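> The letter at position 172 of the sequence shown is residue 172 when you use our numbering, and the numbering goes up by one with no holes. Glycine residues also receive a C-beta, built at the ideal position from the N, C-alpha and C atoms. Since we're looking at a predicted model, the values are computed, not measured.
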Amino acid sequence: MTEQKWTTVVKANNGLIDMDLKGLKNCKDLIFLFVRRTFVAKYKQTVLGPAWAVIQPFFTTVVYSVFFGNIAGLGASGVPNFIFYLSGTIVWTLFANCLTETSHTFTGNSAILGKVYFPRLVMPISTAISQFIGFFIQFAFMLCFMVYYLVTDAGLKPNILILMFPVVLIQLAVLGMGFGMIISSLTTKYRDLTMVVGFGVSLWSYCSPVAYDMFSRSQLAPGSIFYNIYMLNPVTPAINLFRYGFLGCGEVDWLFYGISWITTVIVAVIGALMFSKSEKTFMDTV
């Protein structure tokens with residue numbers, strides 16, 4: 001009698017760390033299938049389709065440039081307000097979308113998750129990856145303006161730190177996914193959080209250097225207590241590094257950027273553990 005070799009074994013997992021990493025590795029095709037589904041569903045039955053990925057940050061940037069840059073005088077010195085705000089907006093949008101879309105993993109996909117087994121981490125990972133499609137459309141849009149401002153000698157000074165670009169993107173995606181998994185795990189029992197996510201992300205954007213240049217504010221001068229508190233926001237050093245690499249404005253504080261990465265890893269680990277624990281019982285509460 002020949003011994004049968006099973007490719008998949010479904011069993012009860014009751015340990016603290018019981019993520020199916022091996023199964024996740026074998027689900028690359030499923031991940032990209034969900035990436036495609038997420039992107040297509042987002043723009044399905046829209047007239048302009050993926051053009052909305054450019055329209056939304058464009059008008060946001062125009063509003064920031066007019067009200068925060070010109071009227072309030074919170075723009076950056078040395079570079080055009082439009083490219084300053086556009087660079088911050090597209091990076092923040094990547095983080096915010098990873099967080100908000102991942103936070104709906106259990107409640108938004110209960111019909112799929114309740115019918116067939118696959119490693120549940122496939123869902124938040126595919127959701128985070130799908131956000132890069134919209135980001136790179138926006139990034140190409142930003143590069144067009146960068147070329148224009150470089151040709152017209154408007155003060156942009158790209159430098160070697162532009163090579164940190166992929167690292168910044170990965171960090172923000174992982175950070176957003178980590179917070180999203182934490183919220184998704186909690187919303188299986190506490191639906192009030194779904195009402196708070198959008199509002200909380202909007203408030204968070206004003207605690208980050210998206211709509212203003214922190215280095216032109218005397219209250220946020222390096223070395224001050226407010227500066228130290230402000231830089232503990234893990235998104236702040238990442239946005240500063242992105243802008244400094246592409247535009248040459250602002251500063252890079254490597255100490256706080258290191259702290260930002262430590263925070264990102266901790267949040268991602270906590271999020272993965274909470275997500276793994278919640279996936280066992282979420283069908284009883286969703």
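Would residue 105 and residue 184 be called neighbours here (beta carbons separated by less than 7 Å)?
As a first step, residue 105 must be located in the sequence shown, where it is residue number 105. As a first step, residue 184 must be located in the sequence shown, where it is residue number 184. A contact, by the Cβ cut-off of 7 Å.
> Could you tell me the alpha carbon to alpha carbon distance between residue 181 and residue 39, rounded to whole angstroms?
Residue mapping note: residue 181 aligns to position 181 of the sequence shown, counting from 1. Residue mapping note: residue 39 aligns to position 39 of the sequence shown, counting from 1. Looking at the two C-alpha atoms, the distance is approximately 19 Å.
> Specify the secondary structure class of residue 207 as computed by DSSP and reduced to three states.
As a working mapping, residue 207 is identified with position 207 in the sequence shown. In this structure, residue 207 counts as coil in the three-state DSSP scheme.
> According to the Cβ coordinates, are residue 257 and residue 237 closer than 7 Å?
On the sequence shown, residue 257 is found 257 positions in, with the first residue counted as 1. On the sequence shown, residue 237 is found 237 positions in, with the first residue counted as 1. In contact: residue 257 and residue 237 (Cβ atoms closer than 7 Å).
> Among 80, 52, 26, which has the Cα closest to the Cα of residue 152?
On the sequence shown, residue 152 is found 152 positions in, with the first residue counted as 1. Ranking 80, 52, 26 by Cα distance to residue 152 puts 80 first.
> Counting only the same chain and skipping the five closest in sequence on each side, list residues whose C-beta sits under 7 Å from that of residue 212.
In the sequence shown, the residue the question calls residue 212 occupies position 212. Same-chain partners within the cutoff: 68, 74.
> Let me know if residue 146 comes out buried or exposed under the rule of 16 or more other beta-carbons within 10 Å of its beta-carbon.
Counted from its first residue, the sequence shown places residue 146 at position 146. Burial call: buried.
> What's the C-alpha gap between residue 61 and residue 187?
Your numbering for residue 61 matches position 61 in the sequence shown. Your numbering for residue 187 matches position 187 in the sequence shown. Approximately 32 Å between the Cα atoms of the pair.
> Over what stretch of residues does the alpha helix (DSSP H) that includes residue 277 continue unbroken?
Position 277 of the sequence shown, counting from 1, holds the residue named residue 277. Here the alpha helix (DSSP H) through residue 277 covers 254–278.
> Roughly how many whole angstroms lie between the Cα atoms of residue 90 and residue 66?
Start at 1 with the first residue of the sequence shown, and residue 90 comes out as number 90. Start at 1 with the first residue of the sequence shown, and residue 66 comes out as number 66. The straight-line gap from Cα to Cα measures roughly 18 Å.
> Nearest to residue 240 by CA position, among 168, 272, 97, is which residue?
By one-based count along the sequence shown, residue 240 stands at place 240. It is 168.
> Measuring only between beta-carbons, confirm whether residue 215 sits less than 7 Å from chain D.
Structure shown: chain D not included; a single protein chain is present.
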